[in-house]
DNA sequence: GTATTATTAGAGTATATACTCTAGGGAGTC
DNA sequence: GACTCCCTAGAGTATATACTCTAATAATAC
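Chains as they are written, first to last, in the numbering used here: chain A, 4 to 235; chain B, 4 to 235.
Below is the structure:
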């Protein structure tokens, strides 16, 4: 693997693990056992590394949120979107942790992120629209659908911060993918009142799979959980 | 005013304006035209300043969220809670911006904040319960009420971050209280499906007052808006 | 007045961090 | 061998930041 790619990979790994704020370019170089000079040969500065990682993240989510326009949506589709989005969130979880500061330091990133958000909000709204077409949820006005989509976005992007600040008792306790995906429970909570009688029970059953476990149970859980819905 | 209090006040002001990360103890001292030594005579370190500010914030919110148990809740109460919570959020808005890092650096704060969150979640849940008693919303199961309260909390505490990252086009654009309070629109969106027919129209009318304005209109708005619901 | 305590100034320090600069190695080409 | 180009090492730098230390001054008690 090329040095440049190794730098991106290690940076992402370290950022996710310790937070961007706590990872210096010197740390990244040391972790790869290369010199700082070498790192700066491949990237002009730290912001450039972050920006390239963002582009990957953006590409991944855009790919996941590509909505088929030639067929109706199914429950499986809906769960796929949720699972995928949380998987993406997990893989690039450093990003939303210090978002404001990252954007403050990079004009390009700020602009791109804003457009990215808009695309995501549109996608969420479109998913709701198609779910109504499919008879999974009751149809809503454009205004309500937009406001709901925004709430969904807020819950999705901030669920992790909630877990880290309000849930974790100890600094050392690391987040697991399983815990992160309990955010799906919260998102589905938003949909409950809009479900049609035909789909209510099946969605409620799916939701139940993501119900947060009691704190006692968290300890024995695997570091990277595989529990939950996986097939497409 | 005592130097100690002046330090707390200036710190809060600078933190809110520039973000805690961008305000050093030397900045605070310079802003007050006192020496760093003087500042460190009154506070052992920066964390201590932040912790004391948190205690004020906590006290304020706890005071606002004190729920009367001797009478039923009214719509006015509900709007008072919303307005108050967003006012508190505004006054201490630096806090939720870099929350994770603040908690990482101070064990006491982490512990206290966790308990604070739990109290807030309980209060929100209790408000929903009493609103159901008052016939404003339909009653719900404990489980649903908890999950809904958590969603309300997520929307409230992260609305500002959303505005800062996704909405603001320019770095220099500062948030206004009016914009922040559009978060109330989002919170009320969560309640819509649960409203009873008797109250539906009046809540929808209240909600309409907080509807986000079009971006074009934002420019002429006052820096600290006074638009919106104010009486109790 | 004098002793004591509380407060303040301001120079200084240890450490961290993003980034630079120069020298050179290795591989391919002529 | 010499030239070129890509890559790498590693010492070094400028700046920032949280915090310390000493000495002096103001306030208070007796």
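Note that beta-carbon positions come from the ideal geometry of N, C-alpha and C, so glycine has one too.
Model, not experiment: these values are computed from the prediction.
- Annotation for residue 189 of chain A: the continuous alpha helix (DSSP H) segment containing it runs 186 to 194.
- Taking residue 119 of chain B as the centre and dropping the five residues before and after it, the same chain places the C-beta of 61 closer than 6 Å to its C-beta, in chain order.
- Per the coordinates, the alpha-carbon of residue 141 of chain B lies some 29 Å from the alpha-carbon of residue 170 of chain A.
- Residues of the stretch 77 to 108 of chain B whose Cβ lies closer than 8 Å to any Cβ of chain A, in chain order: 100, 101, 102, 103, 104, 106 and 107.
- Under the Cβ criterion of 9 Å, residue 49 of chain A is not counted among the residues facing chain B.
- Taking the C-beta atoms as reference points, residue 52 of chain A is found nearer than 9 Å to residue 46 of chain A.
- Taking a beta-carbon distance threshold of 9 Å, residue 22 of chain A counts as an interface residue toward chain B.
- Contact residues of the stretch 179 to 211 of chain A toward chain B are 188, 189, 192, 193, 195, 196 and 197 (C-beta to C-beta distance below 8 Å).
- In this structure, the straight-line span from the alpha carbon of residue 28 of chain A to that of residue 115 of chain B is close to 34 Å.
- For residue 32 of chain B, the CB contacts under 8 Å within the same chain, skipping 5 residues up- and downstream, are 38, 39, 41 and 42 in chain order.
- Taking residue 34 of chain A as the centre and dropping the five residues before and after it, the same chain places the C-beta of 13 and 17 closer than 7 Å to its C-beta, in chain order.
- Residue burial is scored here from C-beta neighbours: residue 161 of chain A has at least 16 other C-beta atoms within 10 angstroms and is therefore classed as buried.
- The DSSP-derived three-state label of residue 76 of chain B is coil.
- Assignment of beta-bridge partners to residue 140 of chain A by DSSP yields A:198.
- Residue contact check for residue 66 of chain A against chain B: no CB pair falls below 9 Å.
- At least one beta carbon of chain A lies nearer than 9 Å to the beta carbon of residue 170 of chain B.
- Sequence-distant partners of residue 154 of chain A (beyond 5 residues in either direction) whose C-beta falls short of 7 Å from its own C-beta, in its chain, are 193.
- Note on geometry: alpha-carbon atoms of residue 149 of chain B and residue 157 of chain B lie some 12 Å from one another.
- Taking a beta-carbon distance threshold of 9 Å, residue 5 of chain B does not count as an interface residue toward chain A.
- Less than 9 Å divides the Cβ of residue 97 of chain A from the Cβ of residue 15 of chain A.
- Relative to the Cα of residue 57 of chain B, the nearest Cα in the group B:117, B:70 and B:200 belongs to B:117.
- Taking a 10 Å sphere around the C-beta of residue 213 of chain A, we find 16 or more other C-beta atoms and assign the residue as buried.
- Taking 9 Å as the cut-off between beta carbons, the residues of the stretch 156 to 167 of chain B near chain A are 156, 157, 158, 160, 161, 162, 164, 165 and 167, in sequence order.
- In this structure the stretch 131 to 140 of chain B does not touch the stretch 177 to 195 of chain A; the number of beta carbon pairs closer than 8 Å is below three.
- Residue-level contact check: residue 134 of chain B does not touch chain A, since none of the beta carbons of chain A fall below 9 Å from its beta carbon.
- In this structure, the alpha-carbon of residue 73 of chain B lies about 18 Å from that of residue 65 of chain B.
- DSSP places residue 107 of chain A in the uninterrupted alpha helix (DSSP H) bounded by 102 to 107.
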